[in-house]
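Student:
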Amino acid sequence: MLSENKADIIIIGGGIIGCAAAFEFSRAGCQVILLEKNQVASGISGDSGGLVRIFHTSNHAAKQAAIGFDYYQRFQQHVGYDCAFNQSGFVFISSDDISENVLQQINSYTIEEHFTKRIKPEQLPVELNIPHDLSIFYQPSAGYINTQLACKNWILAAQQCVKPLKLAENTQVERIVIKNNEVQGVKTTNGDYFAGHVIVTAGAGTKQLLTSFSPLAEKFSLRAFQYNIYHLPRRVVLPAIIHAEADLYIIPQQETIIAGFLSRDIHIQHEEPALSLSLTNAIHHAINKLLPELNWISEFITSKISIDCFTSDELGMVCAEPNIKNLHIATGWSGGGIKAAPAVASKLLAMHTS
Ligand SMILES: Cc1cc2nc3c(=O)[nH]c(=O)nc-3n(C[C@H](O)[C@H](O)[C@H](O)COP(=O)(O)OP(=O)(O)OC[C@H]3O[C@@H](n4cnc5c(N)ncnc54)[C@H](O)[C@@H]3O)c2cc1C
Numbered sequence: 008m009l010s011e012n013k014a015d016i017i018i019i020g021g022g023i024i025g026c027a028a029a030f031e032f033s034r035a036g037c038q039v040i041l042l043e044k045n046q047v048a049s050g051i052s053g054d055s056g057g058l059v060r061i062f063h064t065s066n067h068a069a070k071q072a073a074i075g076f077d078y079y080q081r082f083q084q085h086v087g088y089d090c091a092f093n094q095s096g097f098v099f100i101s102s103d104d105i106s107e108n109v110l111q112q113i114n115s116y117t118i119e120e121h122f123t124k125r126i127k128p129e130q131l132p133v134e135l136n137i138p139h140d141l142s143i144f145y146q147p148s149a150g151y152i153n154t155q156l157a158c159k160n161w162i163l164a165a166q167q168c169v170k171p172l173k174l175a176e177n178t179q180v181e182r183i184v185i186k187n188n189e190v191q192g193v194k195t196t197n198g199d200y201f202a203g204h205v206i207v208t209a210g211a212g213t214k215q216l217l218t219s220f221s222p223l224a225e226k227f228s229l230r231a232f233q234y235n236i237y238h239l240p241r242r243v244v245l246p247a248i249i250h251a252e253a254d255l256y257i258i259p260q261q262e263t264i265i266a267g268f269l270s271r272d273i274h275i276q277h278e279e280p281a282l283s284l285s286l287t288n289a290i291h292h293a294i295n296k297l298l299p300e301l302n303w304i305s306e307f308i309t310s311k312i313s314i315d316c317f318t319s320d321e322l323g324m325v326c327a328e329p330n331i332k333n334l335h336i337a338t339g340w341s342g343g344g345i346k347a348a349p350a351v352a353s354k355l356l357a358m359h360t361s
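Numbering-wise, the sequence shown is residues 8 to 361 according to our numbering.
1. For Thr218, does the three-state DSSP call read helix, strand or coil?
2. Ile162 and Cys37 look like a contact to me (Cβ under 8 Å); what is the Cβ gap, rounded to whole Å?
3. Can you look up Tyr88 in the DSSP assignment and give me helix, strand or coil?
4. Kindly provide the ranges of any beta strand (DSSP E) runs that are 3 or more residues long and lie completely inside the region 226-276, ordered along the chain.
5. Indicate whether Asn66 and Tyr151 have their beta-carbon atoms separated by less than 7 Å.
6. If you count every other CB in all the chains shown that lies within 10 Å of the CB of Leu282, and 16 or more means buried, which is it?
7. Under three-state DSSP, which class holds Leu172?
8. List in chain order: all unbroken alpha helix (DSSP H) runs of 4+ residues lying wholly within the region 126-214.
9. Could you tell me how far apart the beta carbons of Thr208 and Ala337 are, in whole angstroms, since I believe they sit closer than 8 Å?
10. Residue range of the alpha helix (DSSP H) that Lys311 falls in?
11. Below 6 Å, is the gap between the Cβ of Thr218 and the nearest heavy atom of ligand 1?
12. If you measure from the CB of Ala209, is any heavy atom of ligand 1 nearer than 6 Å?
13. For Leu42 and Val180, what's the separation of their Cα atoms in angstroms?
14. Starting from Val47, follow the alpha helix (DSSP H) in both directions and report where the run begins and ends.
15. Please report the distance separating the alpha-carbon of Lys214 from that of Lys127.
16. Please report how far the alpha carbon of Leu297 lies from the alpha carbon of Leu135, in whole angstroms.
17. Using DSSP's beta-bridge definition, name the partner residues of Ile336.
18. With burial defined as no fewer than 16 other Cβ atoms inside 10 Å of the residue's Cβ, what is the status of Ile314: buried or exposed?
19. Which term fits Asn177, buried or exposed, when burial requires 16 or more other beta carbons within 10 angstroms of its beta carbon?
20. Taking three-plus beta-carbon pairs below 8 Å as touching, is the region 260-272 in contact with the region 70-83?
21. Determine the extent of the beta strand (DSSP E) in which Ile100 is found, giving its start and end residues.
22. Rounded C-beta distance between Val98 and Ile248? I'm assuming under 8 Å.
23. Confirm the yes/no value for this check: CB of Val180, any heavy atom of ligand 1, distance under 6 Å.
24. Should Lys354 be labelled buried (16 or more other beta-carbon atoms within 10 Å of its own) or exposed?
25. Mind checking which residues open and close the beta strand (DSSP E) that includes Ile16?
26. For Ile257, count the other beta carbons within 10 Å of its own beta carbon; 16 or more makes it buried, fewer makes it exposed. Which is it?
27. Would you mind giving the Cβ-Cβ distance between Ala91 and Asn153, rounded to the nearest angstrom? I have them listed as a contact below 8 Å.
28. If I follow the unbroken alpha helix (DSSP H) through Leu356, where does it start and stop?
29. Hey, would you say the C-beta of Tyr145 is under 6 Å away from at least one heavy atom of ligand 1?
30. Can you check which of these residues, Ser341, Ala327, Gly342, is closest to His335 by C-alpha distance?
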């Protein structure tokens with residue numbers, strides 16, 4: 008057995024959850040191997056909008072998001088490097104009847120300092136065409152991170168710990184090796200790796216890794232999101248927007264924006280879904296209605312599909328496999344993996360040490 012193939016902990020999957028966990032465990036003094044079938048953050052995490060906000064209608068989501076929000080604000084302090092948090096603000100737009108309900112839920116948990124307040128359409132950037140009969144909530148402290156930078160810097164910091172993280176990219180885990188109901192390690196396309204503790208953070212690959220032996224596999228489904236990417240003209244400073252009435256979300260990034268529908272995801276089995284031209288056009292139409300002063304279609308870059316895994320309750324999963332010792336599984340909740348990552352990583356560490 009080669010010593011470089013042996014560690015205290017193997018983490019499968021170098022998305023935002025796996026990278027956050029790799030840092031957390033390395034900082035706690037564990038020898039960690041992170042196995043990634045492509046490159047770090049090459050999956051859905053690298054494509055993500057990276058929006059970090061606290062405004063959520065589920066208590067669970069809001070709590071995880073609050074932890075993530077504080078963590079990303081102080082990323083430099085925690086990690087020693089930057090995650091490029093950009094405070095764009097976040098706007099939620101809905102009809103009055105939805106908003107009363109939403110507001111009641113938010114008031115039951117929202118942390119005072121991040122309070123989301125009601126604002127008037129004229130307080131928004133002039134480019135936004137919001138009918139006056141809609142309710143608008145604004146969380147000025149929200150923003151987005153550079154997810155690729157966050158992953159890269161978690162890895163960099165973990166590689167500088169007392170027991171430096173070992174990262175193996177282009178290494179696909181084919182199966183988890185189990186003996187007498189205990190994990191032994193994993194078999195990969197680049198040979199075997201050994202550890203007494205394995206954590207699966209493989210995003211959409213999680214279900215497949217668990218299918219042959221774990222009842223938890225049934226709890227995961229795959230969902231494809233289609234979204235458009237546009238150039239963000241420098242003259243416009245946009246907040247991140249969820250427009251519940253138009254079913255649209257818009258997340259600004261450095262020079263681009265991601266726009267897509269909230270509820271038109273495609274549930275899939277295994278095969279990659281094809282891009283739908285009618286969905287691309289429907290997003291064009293919705294975004295042109297919201298931002299009529301900007302000629303988005305001429306600034307259109309591309310449409311993309313990302314595949315996310317989600318749990319049946321949509322709350323994500325951080326748990327121990329019930330029948331196998333020292334096998335843990337972690338996902339963020341759907342559409343919220345970025346916000347959830349710091350909370351998920353610290354829960355994994357607490358599970359390991361308890
Ligand atoms: C357009 C879009 C916008 C989004 N916006 C936001 C947002 O604003 N805020 C937010 O909080 N969330 C957002 N999300 C959701 C968020 O991006 C995801 O929930 C999160 O990135 C999932 O992270 P992950 O680490 O679980 O999975 P992934 O990023 O998919 O990472 C899993 C990794 O495991 C690897 N892998 C899989 N199988 C194997 C294997 N067998 N062996 C080795 N490696 C393997 C994959 O290559 C991948 O790199 C958005 C998603 C999309 C698509």
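Ideal Cβ positions, reconstructed from N, Cα and C, are used throughout, including at glycine.
Keep in mind that this is a model prediction, so the values were computed, not measured.
Tutor: In terms of the structure at hand:
1. coil
2. The pair is not a contact, with the Cβ atoms about 15 Å apart (cut-off 8 Å).
3. coil
4. 227-238, 247-250, 255-259, 263-268, 273-275
5. no
6. exposed
7. coil
8. 154-165
9. 5 Å
10. From DSSP, Lys311 is part of no alpha helix (DSSP H) but of the beta strand (DSSP E) over 307-318.
11. no
12. yes
13. 7 Å
14. Element bounds for Val47: n/a, residue is neither H nor E.
15. 45 Å
16. 6 Å
17. Val207, Cys326
18. buried
19. exposed
20. no
21. 97-101
22. 5 Å
23. yes
24. buried
25. 16-19
26. buried
27. 4 Å
28. 344-360
29. no
30. Ala327
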